[in-house]
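Here the structure is laid out as structure tokens; the discussion comes afterwards.
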Amino acid sequence: MMMLLVVYQLVVLVLGLESVSEGKLASLLDLGDWDLANSSLSISDFIKLKLKGQKTYHKFDEHVFAAMARIQSNENGKLADYESTSSKTDVTIQNVELWKRLSEEEYTYEPRITLAVYLSYIHQRTYDRYATSYAPYNLRVPFSWADWIDLTALNQYLDKTKGCEAVFPRESEATMKLNNITVVDWLEGLCITDKSLQNSVNSTYAEEINSRDILSPNFHVFGYSDAKDNPQQKIFQSKSYINSKLPLPKSLIFLTDGGSYALTVDRTQNKRILKSGLLSHFFSKKKKEHNLPQDQKTFTFDPVYEFNRLKSQVKPRPISSEPSIDSALKENDYKLKLKESSFIFNYGRILSNYEERLESLNDFEKSHYESLAYSSLLEARKLPKYFGEVILKNPQDGGIHYDYRFFSGLIDKTQINHFEDETERKKIIMHRLLRTWQYFTYHNNIINWISHGSLLSWYWDGLSFPWDNDIDVQMPIMELNNFCKQFNNSLVVEDVSQGFGRYYVDCTSFLAQRTRGNGNNNIDARFIDVSSGLFIDITGLALTGSTMPKRYSNKLIKQPKKSTDSTGSTPENGLTRNLRQNLNAQVYNCRNGHFYQYSELSPLKLSIVEGALTLIPNDFVTILETEYQRRGLEKNTYAKYLYVPELRLWMSYNDIYDILQGTNSHGRPLSAKTMATIFPRLNSDINLKKFLRNDHTFKNIYSTFNVTRVHEEELKHLIVNYDQNKRKSAEYRQFLENLRFMNPIRKDLVTYESRLKALDGYNEVEELEKKQENREKERKEKKEKEEKEKKEKEEKEKKEKEEKEKKEKEEKERKEKEEKEEYEEDDNEGEQPTEQKSQQEAKE
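Reading the sequence shown from the start, the letters are residues 1 to 844 in full-length UniProt numbering.
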């Protein structure tokens, strides 16, 4: 009965139905003859229960569970422990020489190899000297985007049979002629071929390409195209841009829960690990550590092992010397008061400070100075658009939610194989993107809070909306300024013990411009997932001269006290009327016209979103009601989704329809929308049985249960002012004291995709090795054929030479014979007159 009790407790917790009896539960779950004497119930055990006599409605789940059943029964020699195989973190190359040769000829991609090699190199360079101190700041490493981003899509063009027309759809000849456009004009600033590169009068392109360790597909994309293309063309444009043009990051940051390992990227060493020496270092180190022979061919790359070893032997360095957000929260009743001065952006004083010490600026400070100086000279109405999105022929595909440089396809419209639920990769990427951002900023004292749709989705269940494709955060302008100064153009690596995500920090060049202008640059910075191009939009709030909304008019006071900016100066003198009013009312805004009053924002409160610690605005209800009206907090349907409070999840109409399969009084099927509308009135016991029978829904409930439960408890404390009740205030404080970063609720993308391929019997490394073996075989056969042809050619040439020589000899002999005969004939003709003369003389 212990086993049954655990099952009962699990379902009661998940679905909140305490009225379900143990007997009813057994029938609902089809326990059958399951051994109830088992002492524990894991998710795998529960899935085993559900495998018995159950109909599945989703192809993905049907295949996954079938594969799991095979693994559990050890069919085909597979491991019996499915959980361990699904979370495998290492990758083994059986023949590194074959793999290296293949990697020299075409792009290969395995981020676990890259991470393991870099982490091993950091350990090698730091352990001896820094074992008892923090890791150094100035460790320089070579870098190539090809090691960090999948460029294998370019392999199909490495035969150099295509040019720029492969990635840019050429206009018709008639259209080009009508518009007086030449092919050169059409591609100017966008793309150039290898041949054109050699003949180009602009040597910049050639220098850019020659400085990179790349494989050329015969075309090089250098610019952003806002033409409406199909997704495949945009993928090739992105990959070629990364290959040929995308600048290297300035730093490489490995996150940990105790700080970071921050490396400086040597931008003069644009080389893959294959050519930079890092891979050779890895092999040499492993041979020495494990006493391996010099001709060792098999190597295992385990980034988690390398990471844990590095962390245990070399201290990660806290990036900020300021008191941590964590300690500040604990000291102030888990509230973080924002400095009013952090919203005042005196960039002129910042520039003056830089100019006083120009010679001593580091790379980050110099870039930041140049960016501020550049943007301070521009007019807001004439700013070019900084960030570029993916413009597709079909706007409904949502290309605007992808950064064009890192686009790898529409993440929710493509599948790796038939095992995949097409929505799962998007859920993984969005979860990891937000979680890593919060992990990065919280541990590095970067004050920010979730905003707009992300704040609204947090309000409902502590998760992201399943239909959302982006994430929004805000921060005070001075916080944004410091963030960009310190981290702009950095590649941030997720805590490797939890996943293998990589994210690029990119700040706009127009921070000094704080008004909407032409509307092209409402976003100040982005945190971009380089595997997909999905991103977090980051905006700064500042005191500006924009006209405040009327709702803040009553915030004006007659004699405001003077405030100071972050430099200690009083900014009141010389202000415009609007600017003075905004300062008076403590109203700040972003460049897209969203205004906030200081008391709505500060003090920030500690919360948790997607299982990660975060900060939320003080008066989040007013902020949300202002932006989404009251119905945004109450309406439980949106974008063909229904919020189901019993599950604490938004469910799509189609999922509800698939599960309930409802009919009307005439026995006709109900529409998905109708099913969703009447769902709350349906019998809960029946719903329980049907929802538990749907594996797709059950897995979602199971994975999100702890996060949504914590959020549900949190809202009970937040919605009512518990400060008026000491007992409940103490309960809330106790709740906050117990908040921690939770484990990720979804597998990382690399592990998930590897698992999908494994379910299909596919091993990427083995396939690469087979491919290289075939290439070696083809190369050998080609060589043998060439040698045979060479030999045959030589024999033919020899024979032809001999025949030629023979002919020449015969010709020579013939000529000599003819000459001899001719000579003899001439002699005979010369002797006749002499004889006649003699006869004449004798006669006389």
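Each residue gets a CB set at the ideal place from its N, CA and C atoms; glycine is no exception.
Beta strand (DSSP E) segment containing residue i, residue limits
| i | result |
| --- | --- |
| Asp537 | 535-541 |
| His418 | Here His418 belongs to no beta strand (DSSP E), and DSSP marks it neither H nor E. |
| Met475 | 471-476 |
| Ile528 | 525-529 |
| Asn589 | 587-589 |
| Tyr93 | According to the sequence provided, residue 93 is Ile. The question's Tyr does not apply to it. Start and end: 91-93. |
| Ala166 | Note, Ala166: premise wrong, no beta strand (DSSP E); not H, not E. |
| Tyr261 | 259-265 |
| Arg502 | 502-507 |
| Lys605 | 604-609 |
| Leu252 | 251-256 |
As assigned by DSSP and simplified to three states, the class of residue i
| i | result |
| --- | --- |
| Lys288 | helix |
| Tyr643 | strand |
| Gly223 | coil |
| Cys191 | strand |
| Asn618 | coil |
| Arg746 | coil |
| residue 908 | Residue 908 cannot be examined here, being either before or after the span of the chain that is shown, 1 to 844. |
| Trp650 | strand |
| Thr637 | strand |
| Ile113 | helix |
| Glu389 | strand |
| Trp449 | strand |
| Tyr347 | helix |
| Asp229 | strand |
| Lys382 | helix |
| residue 846 | An answer regarding residue 846 cannot be provided, because it is not within the stretch 1 to 844 covered by the chain. |
| Glu824 | helix |
| Asn554 | helix |
| Ile122 | helix |
| Arg212 | strand |
| Tyr402 | strand |
| Lys809 | helix |
Residue i, enclosing alpha helix (DSSP H) - first and last residue
| i | result |
| --- | --- |
| Lys275 | 273-276 |
| Lys715 | It is Leu, not Lys, that sits at residue 715 in the sequence shown. Leu715 -> alpha helix (DSSP H) spans 695-719. |
| Gln597 | First-last for Gln597: 595-597, but that is the beta strand (DSSP E), not the alpha helix (DSSP H). |
| residue 846 | Residue coverage of the chain in this structure runs from 1 to 844, which leaves residue 846 outside it and unanswerable. |
| Ile325 | 325-331 |
| Leu102 | 96-105 |
Pairwise C-alpha distance: residue j and residue i
| i | j | result |
| --- | --- | --- |
| Ser454 | Val473 | 8 angstroms |
| Trp437 | Ile428 | 14 angstroms |
| Leu633 | Leu98 | 59 angstroms |
| Ala153 | Glu110 | 14 angstroms |
| Arg516 | Tyr653 | 38 angstroms |
| Gly519 | Asp468 | 22 angstroms |
| Glu824 | Lys790 | 49 angstroms |
| Asp421 | Leu642 | 20 angstroms |
| Lys820 | Glu800 | 29 angstroms |
| Phe283 | Asn444 | 34 angstroms |
| Ile122 | Leu310 | 8 angstroms |
| Pro466 | Thr423 | 9 angstroms |
| Val221 | Gly533 | 17 angstroms |
| Met478 | Arg425 | 35 angstroms |
| Phe406 | Tyr241 | 9 angstroms |
| Glu289 | Gly761 | 33 angstroms |
| Gln513 | Ser251 | 26 angstroms |
Reference residue i; option with closest CA among the options
| i | options | result |
| --- | --- | --- |
| Lys160 | Glu778, Glu808, Ile192, Leu377 | Ile192 |
| Leu115 | Glu289, Phe307, Asp333 | Phe307 |
| Thr508 | Val644, Asn589, Ala525, His220 | Ala525 |
| Phe419 | Ile273, Pro169, Tyr442, Ser754 | Ser754 |
| Glu208 | Leu215, Thr544, Ser244, Asn589 | Ser244 |
For the 8 angstroms Cβ check, are there 3 or more pairs between the region 336-353 and the region 138-147? no
Any chance the region 380-392 sits against the region 352-372, with 3 or more Cβ pairs inside 8 angstroms? no
Pair every Cβ in the region 617-634 with every Cβ in the region 590-609, then say whether three or more of these pairs are closer than 8 angstroms. yes
Does the structure place the region 724-744 close enough to the region 447-462 that three or more beta carbon pairs sit under 8 angstroms? no
Under 8 angstroms: do the region 220-236 and the region 407-418 share three or more Cβ pairs, one atom per stretch? yes
Would you say the region 499-506 touches the region 421-435, given that touching needs at least three Cβ pairs under 8 angstroms? yes
Okay, do the region 544-559 and the region 588-598 touch, 3+ Cβ pairs below 8 angstroms being the bar? yes
Mind the definition here: the region 739-747 touches the region 769-783 only if three or more C-beta pairs lie below 8 angstroms; say whether that holds. no
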